[in-house]
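Asks: Per my numbering: the sequence shown = residues 36 to 335. Ideal Cβ positions, reconstructed from N, Cα and C, are used throughout, including at glycine.
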Amino acid sequence: MKKLFLIMAVAIPFGLSATGVVSPDTTLFIEGKKIEIRENEERMKVRVYDRTGQGNYVEDELVFEGHYKDGQSYERRKQAKSITIPLPKWYNYGIDPHWAGINLGFANFADADLHVNDISGVSLRSNKSWELNLNFFEYDFRLSRRYGWALVTGVGIRWNRYRLDDNKHFKRLDGKTILEAAPEGIHYTKSRLNTTSLTIPLLLEWQPVRRHSDFFISAGAVGVINTAATSRIEYRNENDKKVKQKVDDGLYIKPITVDFLFQMGFDWIGIYLKYSPMELFENKKGPALHPVSAGIQLHI
36 MKKLFLIMAV AIPFGLSATG VVSPDTTLFI EGKKIEIREN EERMKVRVYD RTGQGNYVED
96 ELVFEGHYKD GQSYERRKQA KSITIPLPKW YNYGIDPHWA GINLGFANFA DADLHVNDIS
156 GVSLRSNKSW ELNLNFFEYD FRLSRRYGWA LVTGVGIRWN RYRLDDNKHF KRLDGKTILE
216 AAPEGIHYTK SRLNTTSLTI PLLLEWQPVR RHSDFFISAG AVGVINTAAT SRIEYRNEND
276 KKVKQKVDDG LYIKPITVDF LFQMGFDWIG IYLKYSPMEL FENKKGPALH PVSAGIQLHI
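#1: Per DSSP, P236 forms a beta bridge with which residues?
#2: Let me know the secondary structure DSSP gives N162 once reduced to three states.
#3: Between which residues of its own chain and N168 is the CB-CB distance below 6 Å, once the five residues before and five after are set aside?
#4: Which one or two residues does DSSP pair with W241 in a beta bridge?
#5: Give the DSSP-derived three-state secondary structure of G191 in the structure shown.
#6: Starting from the C-beta of E110, find all residues in its chain whose C-beta is less than 6 Å away, skip the five residues before and the five after it, and write them out in chain order.
#7: Counting Cβ pairs, one atom from each stretch, are 3 or more of them under 8 Å apart for the segment 170 to 185 and the segment 197 to 213?
#8: Can you list, in chain order, the residues of its chain whose CB lies under 6 Å from that of V327, leaving out five sequence neighbours each side?
#9: Is V282 closer than 7 Å to H222 when the C-beta atoms are compared?
#10: Write down the C-beta distance between I291 and I331 rounded to the nearest angstrom, noting that I regard them as a contact closer than 8 Å.
#11: Please state whether DSSP places R78 in a helix, a strand or coil.
#12: Evaluate H325 with the Cβ neighbour count: other Cβ atoms within 10 Å of its Cβ, from every protein chain shown; 16 or more gives buried, anything less gives exposed.
#13: Okay, do the segment 284 to 301 and the segment 252 to 259 touch, 3+ Cβ pairs below 8 Å being the bar?
#14: Can you say whether P132 is buried or exposed, counting buried as having 16 or more other CB atoms within 10 angstroms of its CB?
#15: Starting from E215, follow the beta strand (DSSP E) in both directions and report where the run begins and ends.
#16: Compute the Euclidean distance between the alpha carbons of E317 and L237, then round it to the nearest angstrom.
#17: Which residue wins for smallest C-alpha separation from K206, given the options K320, R271, F251?
#18: Give the range of the beta strand (DSSP E) segment to which G300 is assigned.
#19: Can you tell me whether R86 is buried or exposed, with buried defined as 16 or more other CB within 10 angstroms of its CB?
#20: Apply the 10 Å Cβ neighbour rule to Y270 and answer buried if 16 or more other Cβ atoms are within range, or exposed otherwise.
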């Protein structure tokens, strides 16, 4: 449209001058538009109309008007009407994913039937066994702006500390991880299995965006890359001196496992439940233990 206006405004005056024709009233029809050129000794006026209609009834609507005199110009264009379509309030509500932050909970072992503690001869002090998750990166893929569904992923680090209840420790022996009793005359004040892992989740999260509520609920799988595992003990010797010792490491922990995670809460705080359908130790190289945990979340 602008190109057409410029061509007509510039080319027509020069064309008329070149031919020596003075046409005080010229009308052109080009591509559904009516162009009027009016010229006198003082100025030239150009008007452009949109032509609509059929047959004997044709309506012209002014869309451009230009006045040209002594190298100066004045132009006016009709602005197109805009229609504002009101969007529902929920359309602008964002989804705030819930992975990044700190999770602190109690850790334990279960069997395949979700019986907790005293599994395969392993008894833990539940109030002394814990896990800490530091989730430092998150990203969400919006599935539905209207209904508040999103896929959430990210990266985190997890530390687990399993405190044994009996006077025993984990140790590798003959290609397996076993529970071994403390030497005679020694009583462990602490005996722990420590693990460190890298975690990568894939969660489906829902938030009630229509009500703009802070409530959230999500569930999914968490890939776990186990990077370290150690067995540590503490006791006092015959001189009543505290002794700290790393008994063993590695311990035939599976390098990669998967957890099922469920979490819910409001805004920046929530709770979580986690269970691994996979055993902690490699097949037939340790007790049949499935890690479980539950705790609170502080999201950032």
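Replies: This is what the structure holds:
#1: Position 201 of the sequence shown, counted from the first residue, corresponds to residue 236. Answer by DSSP bridge pairing, in chain order: V257.
#2: Stepping through the sequence shown from its first residue, residue 162 is reached at position 127. Looking at N162 - three-state DSSP - the assignment turns out to be helix.
#3: If you number the sequence shown from 1, residue 168 lands on position 133. Within the same chain, N168 has close Cβ partners N138, G191, R193.
#4: Residue 241 sits at position 206 when you count from the first residue of the sequence shown. Answer is W184, I252, bridged to W241.
#5: For this step, residue 191 is matched to residue 156 along the sequence shown. Residue state, collapsed to three classes: strand.
#6: Against the sequence shown, residue 110 aligns to sequence position 75. Here the set comprises G101.
#7: no
#8: The residue you call residue 327 lines up with position 292 of the sequence shown. Same-chain partners within the cutoff: N143, A145, Y310.
#9: Here residue 222 refers to the residue found at position 187 when the sequence shown is read from its first residue. Here residue 282 refers to the residue found at position 247 when the sequence shown is read from its first residue. No; because the gap between Cβ atoms is not below 7 Å, this pair is not in contact.
#10: By 1-based counting over the sequence shown, the position of residue 291 is 256. By 1-based counting over the sequence shown, the position of residue 331 is 296. That pair is no contact at about 27 Å.
#11: Within the sequence shown, residue 78 is the residue found at index 43, counting from 1. Coil.
#12: Looking up residue 325 in the sequence shown gives position 290. That one is buried.
#13: yes
#14: Position 97 of the sequence shown, counted from the start, is the residue given in the question as residue 132. It is buried - the Cβ of P132 has at least 16 other Cβ atoms within 10 Å.
#15: Position 180 of the sequence shown holds residue 215. Taken as a continuous stretch (DSSP letters only), the beta strand (DSSP E) holding E215 covers 211 to 216.
#16: On the sequence shown, residue 317 is found 282 positions in, with the first residue counted as 1. On the sequence shown, residue 237 is found 202 positions in, with the first residue counted as 1. Answer to the nearest angstrom: the Cα atoms are 24 Å apart.
#17: Here residue 206 refers to the residue found at position 171 when the sequence shown is read from its first residue. Per the Cα distances, K320.
#18: The residue labelled residue 300 in the question sits at position 265 within the sequence shown. Per DSSP, G300 belongs to the beta strand (DSSP E) from 291 to 301.
#19: Residue numbering aside, residue 86 sits at position 51 when the sequence shown is read from its first letter. So R86 ends up on the exposed side.
#20: In the sequence shown, the residue the question calls residue 270 occupies position 235. Per the 10 Å Cβ criterion, buried.
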